[in-house]
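Asker: The sequence shown lines up with residues 1 to 262 when you count with this note's numbering. Think of the CB as a built atom: it goes at the ideal place given N, C-alpha and C, for glycine as much as any other residue. Have a look at the structure that comes next, please.
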Amino acid sequence: MENSCIQLNDLPDEILMIIFKKLTNMAVLYSLMDVNKRLNKIVHDTAFTNRLTLYASTTDGFIVPLPDYILDRFCLHILPKIYHKVKCLNLESVSIKRILLATNYPNLTGLALYNVQDGIVLDLLTELHVGVNYFTDILYLCDGRFNQLHTLYVNVYQIQYPNLIIDNTKKRPNLKCFSLYSITETYAYDDLIIPLLHRMSNLEKLYLYLFCEREVFIDGSEMKINIINHMPRLNTLTFNIHSSIYFNNQINLKSNGDIQKF
Numbered sequence: 001m002e003n004s005c006i007q008l009n010d011l012p013d014e015i016l017m018i019i020f021k022k023l024t025n026m027a028v029l030y031s032l033m034d035v036n037k038r039l040n041k042i043v044h045d046t047a048f049t050n051r052l053t054l055y056a057s058t059t060d061g062f063i064v065p066l067p068d069y070i071l072d073r074f075c076l077h078i079l080p081k082i083y084h085k086v087k088c089l090n091l092e093s094v095s096i097k098r099i100l101l102a103t104n105y106p107n108l109t110g111l112a113l114y115n116v117q118d119g120i121v122l123d124l125l126t127e128l129h130v131g132v133n134y135f136t137d138i139l140y141l142c143d144g145r146f147n148q149l150h151t152l153y154v155n156v157y158q159i160q161y162p163n164l165i166i167d168n169t170k171k172r173p174n175l176k177c178f179s180l181y182s183i184t185e186t187y188a189y190d191d192l193i194i195p196l197l198h199r200m201s202n203l204e205k206l207y208l209y210l211f212c213e214r215e216v217f218i219d220g221s222e223m224k225i226n227i228i229n230h231m232p233r234l235n236t237l238t239f240n241i242h243s244s245i246y247f248n249n250q251i252n253l254k255s256n257g258d259i260q261k262f
């Protein structure tokens with residue numbers, strides 16, 4: 001029987017995909033990116049580009065930085081070509097800054113950080129889009145630790161009075177854009193949401209989507225007094241606020257036009 005030698009190019013794409021999926025995405029991209037057109041097309045598949053773990057692990061389980069020659073290839077040649085496909089990054093502290101600054105990641109939705117040193121990541125984040133369960137989580141985000149943050153979008157499940165006493169007074173002068181979205185009804189518009197907004201006096205853009213129960217409707221006059229007058233730099237205000245009032249006596253209901261007047 002004659003000896004035979006089968007090379008990668010001799011295998012169909014389906015077999016190559018099965019083989020490559022046995023490897024880490026980092027290994028596939030580092031070894032095969034730009035080898036030839038066919039392999040290049042395969043390794044650009046989202047199976048290998050959506051989620052990247054860019055650190056090494058020792059035999060005893062410690063997370064360590066990638067060798068410089070591997071990190072150089074990723075930052076200079078690989079990431080700039082697949083930046084729009086990256087959705088999740090797993091990074092360690094030494095190389096965080098270089099990887100995050102290597103390119104833009106417009107579709108990044110997940111970022112896992114390991115061996116993080118205090119202050120490194122917090123000083124890098126300027127824009128944050130998060131979903132949280134409780135209003136308490138928003139207070140932690142706004143406690144000053146993200147001192148470079150200028151844009152914050154928050155989708156919060158519940159806006160209720162926290163069990164813990166957390167400072168809701170410290171100013172956030174660097175914040176320029178804030179969005180608060182919640183689909184559950186809250187009774188704490190005046191006690192929690194308004195004090196939070198008063199901490200953001202330099203906001204230029206504000207987006208509110210809320211369901212509130214109050215003794216009176218939230219109209220344009222109320223928003224001007226409690227929000228707009230406290231934000232001299234505000235130039236964009238977009239809101240969809242559902243106000244609920246439970247009453248026994250007849251009252252005059254405001255029209256949409258009344259609510260939108262400032």
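According to DSSP, is Thr59 helix, strand or coil?
Answerer: One-based indexing of the sequence shown puts residue 59 at position 59. Note: Thr59 maps to coil in three-state DSSP.
Asker: Which residues bound the beta strand (DSSP E) around Arg98?
Answerer: By one-based count along the sequence shown, residue 98 stands at place 98. Careful: Arg98 lies outside any beta strand (DSSP E), inside the alpha helix (DSSP H) at Ile96 to Leu101.
Asker: Between the C-alpha atoms of His84 and Asn107, what's the straight-line distance to the nearest angstrom?
Answerer: Start at 1 with the first residue of the sequence shown, and residue 84 comes out as number 84. Start at 1 with the first residue of the sequence shown, and residue 107 comes out as number 107. His84 and Asn107: Cα-Cα distance of roughly 6 Å.
Asker: Just checking my contact of Leu89 with Leu54 at CB under 8 Å: how many whole Å lie between their CB atoms?
Answerer: Within the sequence shown, the letter at position 89 stands for residue 89. Within the sequence shown, the letter at position 54 stands for residue 54. About 7 Å; that satisfies the 8 Å criterion.
Asker: Going straight from the alpha carbon of Asp171 to that of His44, what length do you get?
Answerer: As a first step, residue 171 must be located in the sequence shown, where it is residue number 171. As a first step, residue 44 must be located in the sequence shown, where it is residue number 44. The identity of residue 171 in the sequence shown is Lys, whereas the question assumes Asp. Whole-angstrom Cα-Cα distance: 45 Å.
Asker: Kindly list the residues whose CB is nearer than 6 Å to the CB of Arg199, restricted to its own chain and excluding five residues on each side of it in sequence; keep chain order.
Answerer: Here residue 199 corresponds to residue number 199 of the sequence shown, with the count starting at 1. Closer than 6 Å at Cβ, skipping near neighbours: Lys171 and Arg172.
Asker: What's the C-alpha gap between Gly144 and Lys41?
Answerer: Here the question's residue 144 lines up with position 144 in the sequence shown. Here the question's residue 41 lines up with position 41 in the sequence shown. Rounded to the nearest angstrom, the two C-alpha atoms are 45 Å apart.
Asker: Which same chain residues end up closer than 6 Å to Asn9 when comparing Cβ atoms and leaving out the 5 residues on each side of it in sequence?
Answerer: One-based indexing of the sequence shown puts residue 9 at position 9. Around Asn9: no qualifying Cβ.
Asker: Looking only at C-alpha atoms, which of Arg51, Leu52 and Leu66 sits nearest to Thr58?
Answerer: The residue labelled residue 58 in the question sits at position 58 within the sequence shown. Nearest C-alpha to Thr58: Leu66.
Asker: Can you name, in chain order, every residue of its own chain whose Cβ lies under 6 Å from the Cβ of Ser4, other than the five neighbours on each side?
Answerer: In the sequence shown, the residue the question calls residue 4 occupies position 4. Low local confidence applies: a pLDDT of 47 at Ser4 is under 50, so the model's placement there is unreliable, and no value is given.
Asker: Taking the Cβ atom as the reference point for each residue, do Val303 and Leu52 lie within a distance shorter than 9 Å?
Answerer: For the chain, the structure presents residues 1 to 262; residue 303 sits outside this window and is missing.
Asker: Spatial neighbours of Val156 within its chain, please: C-beta separation below 8 Å, excluding the five flanking residues on both sides.
Answerer: In the sequence shown, counting from the first residue as 1, residue 156 sits at position 156. Hits under 8 Å: Gly131, Val132, Asn133, Tyr134, Phe135, Asp137, Ile138, Leu180, Tyr181 and Ser182.
Asker: Excluding five sequence neighbours on each side, which residues of the same chain lie with their C-beta closer than 7 Å to the C-beta of Asp167?
Answerer: To locate residue 167, count along the sequence shown from 1; it is residue 167. Asp143, listed in sequence order.
Asker: Measure the C-alpha to C-alpha separation of Lys22 and Pro12 and round it to an integer number of angstroms.
Answerer: Residue 22 sits at position 22 when you count from the first residue of the sequence shown. Residue 12 sits at position 12 when you count from the first residue of the sequence shown. Each residue's Cα considered, the two are about 16 Å apart.
Asker: What separation, rounded to the nearest whole angstrom, lies between the Cα atoms of Lys97 and Asn229?
Answerer: Taking the sequence shown and counting its residues from 1, the one referred to as residue 97 is at position 97. Taking the sequence shown and counting its residues from 1, the one referred to as residue 229 is at position 229. Cα to Cα, Lys97 sits roughly 39 Å from Asn229.
Asker: For Leu152 and Leu141, which I take to be in contact (beta-carbon distance under 8 Å), what is that distance rounded to the nearest angstrom?
Answerer: Position 152 of the sequence shown, counting from 1, holds the residue named residue 152. Position 141 of the sequence shown, counting from 1, holds the residue named residue 141. Contact holds; Cβ gap of about 7 Å.
Asker: For the candidate residues Ala56, Asn104, Phe48 and Asn50, whose alpha-carbon lies nearest to that of Cys75?
Answerer: In the sequence shown, the residue the question calls residue 75 occupies position 75. Closest by alpha carbon: Asn104.
Asker: At 4 residues or longer, and completely inside the segment 119-181: list those alpha helix (DSSP H) runs for me, N to C.
Answerer: Here the runs fully enclosed are 135-141.
Asker: Please tell me whether Ile225 and Ile241 are closer than 9 Å, where the distance is taken between their beta carbons.
Answerer: Along the sequence shown, one-based indexing puts residue 225 at 225. Along the sequence shown, one-based indexing puts residue 241 at 241. Cβ atoms of Ile225 and Ile241: not closer than 9 Å.
Asker: Checking 9 Å against the spacing of the C-beta atoms, do Ser201 and Met231 come in under that value?
Answerer: For the purposes of this step, residue 201 is taken as the residue at position 201 of the sequence shown. For the purposes of this step, residue 231 is taken as the residue at position 231 of the sequence shown. Cβ distance < 9 Å, so Ser201 and Met231 count as in contact.
Asker: Rounding to the nearest angstrom, what Cα-Cα distance links Glu215 and Leu234 in this structure?
Answerer: Reading the sequence shown from its first residue, position 215 is the one you call residue 215. Reading the sequence shown from its first residue, position 234 is the one you call residue 234. Spanning the two alpha carbons is a distance of roughly 27 Å.
Asker: Going by other Cβ atoms of all chains shown within 10 Å of its Cβ, with 16 needed for buried, is Tyr69 buried or exposed?
Answerer: Looking up residue 69 in the sequence shown gives position 69. The residue in question, Tyr69, is exposed, as its Cβ has fewer than 16 Cβ neighbours within 10 Å.
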